[in-house]
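Below is one structure, written out as structure tokens, with a few remarks after it.
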Amino acid sequence: MLGLIRDFIWPRTCPVCSRPSDRPGRHVCSECLNRLPFCPTDGVCRCCGRAAEALSGEFLCTDCRAHRPSFDRAASALQFSGDARELVNAFKFRNRLWLRDDLVDWLEGMTRARFRVDEIGTVVPMPATLWHRFDRGYNQCDYLARALARRLGLPCVRRALRRIGHPKRQGGLDEDARRENVIGTFAVRDPSAVRDRTVLVVDDIMTTGSTLSECAAELKRAGAARVWCATLARSLRT
Ligand SMILES: [Zn+2]
Ligand SMILES: [Zn+2]
Numbered sequence: 007m008l009g010l011i012r013d014f015i016w017p018r019t020c021p022v023c024s025r026p027s028d029r030p031g032r033h034v035c036s037e038c039l040n041r042l043p044f045c046p047t048d049g050v051c052r053c054c055g056r057a058a059e060a061l062s063g064e065f066l067c068t069d070c071r072a073h074r075p076s077f078d079r080a081a082s083a084l085q086f087s088g089d090a091r092e093l094v095n096a097f098k099f100r101n102r103l104w105l106r107d108d109l110v111d112w113l114e115g116m117t118r119a120r121f122r123v124d125e126i127g128t129v130v131p132m133p134a135t136l137w138h139r140f141d142r143g144y145n146q147c148d149y150l151a152r153a154l155a156r157r158l159g160l161p162c163v164r165r166a167l168r169r170i171g172h173p174k175r176q177g178g179l180d181e182d183a184r185r186e187n188v189i190g191t192f193a194v195r196d197p198s199a200v201r202d203r204t205v206l207v208v209d210d211i212m213t214t215g216s217t218l219s220e221c222a223a224e225l226k227r228a229g230a231a232r233v234w235c236a237t238l239a240r241s242l243r244t
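In the working numbering, the protein residues as written are 7 to 244.
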């Protein structure tokens, strides 16, 4: 009821086409929603989730065969391109926190499709770097992880992990340099929250997966049985 009154006084406009949204409680209209680049769920690497056009079913991609990531499985809702890129960046960099319900819908749909939700023991957000917290004052992954866990009926341990040290920015580094750059930059604060459990790490954007892999390695050192990674968007590799 409150939502209806609010929509009447303050109509939601679609952030993509600027027309009023036709979906109750959501901002992106159905037309723009249908055009968003969702990641395929078939023909993807069973570890990193990357798609290979010519293949179907599940397989292990050449990158994962050469350098097996420390996480057991990763999957993303959207491809980080076009309007999806704008939406994710608006949420991440420009404080458009009202986009959360739209984004969590997509994250939830993907998580239910790609992971066995009943096997997940703990949801943890990717912790923000010190610089990010200083710059923006909030951790968008924290918002996503909490909202996702609530919808899935799972516990979310917000401070299970923390960042230590000051790695260089990953942008511009090649894959080997990225892997080197993040070694030893995570610490598990609360091992009892992850020990012997399947941990779902929630992050916004996955690029090469080296940060997620290092995060997973640390969780496993602390006793996590399996680490799965759910990300909102996947950046195309260069
Ligand atoms: Zn629209
Ligand atoms: Zn792979």
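From the three backbone atoms N, C-alpha and C, an ideal C-beta is built for every residue, glycine too.
- Around the Cβ of aspartate 108, a 10 Å sphere holds 16 or more other Cβ atoms; the residue is buried.
- Between the C-alpha atoms of glutamine 146 and alanine 199 there is a straight-line separation of about 21 angstroms.
- In the three-state reduction of the DSSP assignment, glutamine 85 falls in the strand class.
- Each of Ala155, Gly177 and Asp124 was checked against the Cα of leucine 242, and the nearest Cα belongs to Gly177.
- At least one heavy atom of ligand 1 falls within 7 angstroms of the beta-carbon of arginine 25.
- Cα atoms of aspartate 48 and glutamate 64: separation of roughly 7 angstroms, rounded to the nearest angstrom.
- Cα atoms of lysine 98 and glutamate 92: separation of roughly 10 angstroms, rounded to the nearest angstrom.
- Taking the Cβ of valine 34 as the reference point, at least one heavy atom of ligand 1 falls within a distance shorter than 7 angstroms.
- Shortest gap from the CB of aspartate 28 to any heavy atom of ligand 2: 7 angstroms or more.
- Short note on glutamate 37: C-beta closer than 7 angstroms to some heavy atom of ligand 1.
- Note on the region 137-222: whole beta strand (DSSP E) runs with a minimum of 3 residues are 167-169, 192-194 and 204-212, in chain order.
- For the pair arginine 184 and threonine 214, the CB atoms are nearer than the 8 angstroms cut-off.
- Contact between the region 199-211 and the region 20-34 is absent: fewer than three C-beta pairs spanning the two stretches fall below 8 angstroms.
- The three-state reading of DSSP puts alanine 90 in helix, counting H, G and I together.
- DSSP places alanine 60 outside both helix and strand once states are collapsed to three, so it counts as coil.
- Checking the 7 angstroms criterion, the Cβ of leucine 66 is within range of a heavy atom belonging to ligand 2.
- Residue environment analysis places proline 133 among the buried positions, since at least 16 neighbouring C-beta atoms fall within 10 angstroms of its C-beta.
- If you compare the alpha carbons of Thr128, Trp104 and Leu103 with that of valine 233, the shortest gap goes to Thr128.
- Distance from the CA atom of glutamine 85 to the CA atom of arginine 240, rounded to whole angstroms, is 5 angstroms.
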